[in-house]
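Here the structure is laid out as structure tokens; the discussion comes afterwards.
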Amino acid sequence: MLDQDLLPLTNRRARIRPLRHADAEVYAAGTEDPLVRQFAHLPEDRYTSASVRAVIDQVAAPALDRGDLAVLAIADPRTDAFAGSAVVFDVDETRGSAEVGFWVHPAHRGQGLSAAALELSAEFAARSGLTTLTARTVPANTASRIVLGRAGFTEGEACATTAPSGQQVQTVPWSRRLEQTSHLPLVTDRLVLRLHGVDDASALHRIYSRPDVARFLLDEPWTLAGAEEQVASRRRRTGLEGQSGALSAVIEHEDRLIGDVALWWTGRDHRLAEIGWVVDPGQGGRGLATEAVRAMLDLAFERYGAHRVAAQMDARNTASARLAERVGMHREAQLRQDWWSKGEWTDTVIFAMLASDR
Ligand SMILES: CC(C)(COP(=O)(O)OP(=O)(O)OC[C@H]1O[C@@H](n2cnc3c(N)ncnc32)[C@H](O)[C@@H]1OP(=O)(O)O)[C@@H](O)C(=O)NCCC(=O)NCCS
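In the UniProt record's numbering, the protein residues as written are 1 to 358.
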């Protein structure tokens, strides 16, 4: 299922995002371009601003909610202006595949926008859990063949197929295997750090509902419903390279969930990150939390190229401060009474590690 919460996705040259009413006029004008008419095989023969708005309301928006079709705008990343269209369709959960179609408004061609938008479409599909993205083009469409090749698609044998317009056309199939972008699971001597699954809510609730755990956290003790909401949003934090800019892992020891550790950009452009952890107090004293935090710090510096990773905690949380010191973080500051927590002022301690500390 396509996950609309991943949108918008942006890279250096392009953005993909849901279509908006404000795009309708330029969209309709773009579909009048002879190359779009010849090669894009759109479902309708002619578009007007009004018909595009109707497609947005009646087709695109509900389909994005269902997750079985994404009719997206390709936008200029600097201005967010509509520059073309990318459509991810024919989502097949069993095969883990979907197809992408695209066109770029003539005013925005020649800038590598379509290859950049295909990259983002591949990221969107991959992070929605798909493993293959396909495309079709006609042999005469040189520009699209160049672009698909640039975006990492592999060309197959030409054959006769039905286009989205319903026409029978000779097409060349293309496909790209989607690498899963997450670096998880991470396996250490005694632990597995893996992405959150929907079934993790009750195990996390068991830990986060404990008053001794909640005491030093910003949260109140969790309810089960609260745990389910947390898991739903954590499931989108699958890697620092993605839109969320965050990676949220659960820690398993001997097949039992014993806590979590998360890493997120606080300043992506300058590679500044923060790390946070919670481990079941019942599992303390065996260095399991240390092992998990070390693994996440290795990932932060070695795979994500972090410059600095900070950790902030309630100053009374001495067990956590010892852990930060044990993994080699420097105690940098104590902010006095900067947080009103559960009826009292509390201090915050800040630890950090630089890439050059390692
Ligand atoms: C295909 C399309 C999306 C490419 O858009 P784009 O963002 O301008 O593409 P790019 O600028 O990234 O690259 C296109 C490349 O093809 C080349 N090209 C374009 N037309 C060409 C032609 N007729 N013959 C040979 N090469 C051509 C360009 O010179 C460019 O190569 P370069 O970067 O080496 O100069 C756009 O032309 C379009 O919307 N076409 C109509 C709809 C369509 O065909 N969609 C694809 C359906 S599968």
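Glycine is no exception: its CB is placed at the ideal position from the N, C-alpha and C atoms.
- The secondary-structure analysis by DSSP pairs Gly101 across a beta bridge with Val87.
- Following the DSSP letters along the chain, one finds Thr223 in no alpha helix (DSSP H), marked with neither H nor E.
- For Phe39, the enclosing alpha helix (DSSP H) starts and ends at Pro34 to Phe39.
- By the beta-carbon neighbour count (other beta carbons within 10 angstroms, threshold 16), Asp260 is buried.
- By a beta-carbon distance limit of 8 Å, Glu157 does not contact Trp174. Their separation comes to about 11 Å.
- The beta carbons of Gly129 and Val104 sit no closer together than 7 Å.
- Cα atoms of Gly96 and Arg336: separation of roughly 52 Å, rounded to the nearest angstrom.
- Between Leu247 and Arg237, the alpha-carbon positions lie close to 5 Å from each other.
- Judged by the Cβ position, Ser121 fails to qualify as a neighbour of ligand 1 at the 6 Å threshold, every heavy atom of the ligand being at least this far.
- By the 16-neighbour rule on beta-carbons within 10 angstroms, Met1 is exposed.
- For Leu148 against Leu118, the beta-carbon gap comes to about 7 Å, under 8 Å, which counts as contact.
- Within the same chain, Val213, Gly259, Val278 and Asp280 come within 7 Å of Ile207 by CB-CB distance, once the 5 residues on both sides are set aside.
- Between Leu133 and Ala125 the beta-carbon gap is near 5 Å, inside 8 Å, which marks them as a contact.
- In its chain, beyond the 5 residues on either side, His41 and Val169 have a beta carbon closer than 7 Å to the beta carbon of Ala163.
- Sequence-distant partners of Asp90 (beyond 5 residues in either direction) whose C-beta falls short of 7 Å from its own C-beta, in its chain, are Ala98 and Glu99.
- Taking a contact to require three or more Cβ pairs closer than 8 Å, the segment 185-205 and the segment 221-231 qualify as touching.
- When DSSP states are grouped into helix, strand and coil, Pro77 belongs to the coil group.
- Distances from the CA of Ala81 to each of Glu93, Ala107, Ala306 and Phe102 were compared; the closest alpha carbon is that of Ala107.
- In terms of side-chain proximity, the C-beta atom of Phe39 is found nearer than 6 Å to a non-hydrogen atom of ligand 1.
- Under DSSP, Leu186 forms a beta bridge with Leu193.
- When C-alpha distances from Ala333 are compared across Arg268, Met353, Phe153 and Arg215, the shortest belongs to Met353.
- In the structure shown, Ala289 falls within a helical segment according to DSSP collapsed to helix, strand and coil.
- Taking 8 Å as the upper bound for CB-CB distance, Arg235 and Pro221 are not in contact here, some 22 Å apart.
- Judged by beta-carbon spacing, Thr290 lies within the 7 Å limit of Arg326, meaning their Cβ atoms are closer than that value.
- DSSP, reduced to helix, strand and coil, places Asp3 outside both helices and strands of the structure shown, so it counts as coil.
- Relative to ligand 1, the beta carbon of Trp174 is positioned no closer than 6 Å to any heavy atom.
- Per DSSP, the unbroken beta strand (DSSP E) holding Ser175 starts and ends at Gln168 to Arg177.
- Per DSSP, Ala126 is not a residue of any beta strand (DSSP E); the alpha helix (DSSP H) it occupies stretches across Leu113 to Arg127.
- In this structure, Leu263 and Leu240 form a Cβ contact; the two beta carbons are roughly 7 Å apart against a cut-off of 8 Å.
- If you check the CB distance, Arg17 and Ala75 come in under 7 Å.
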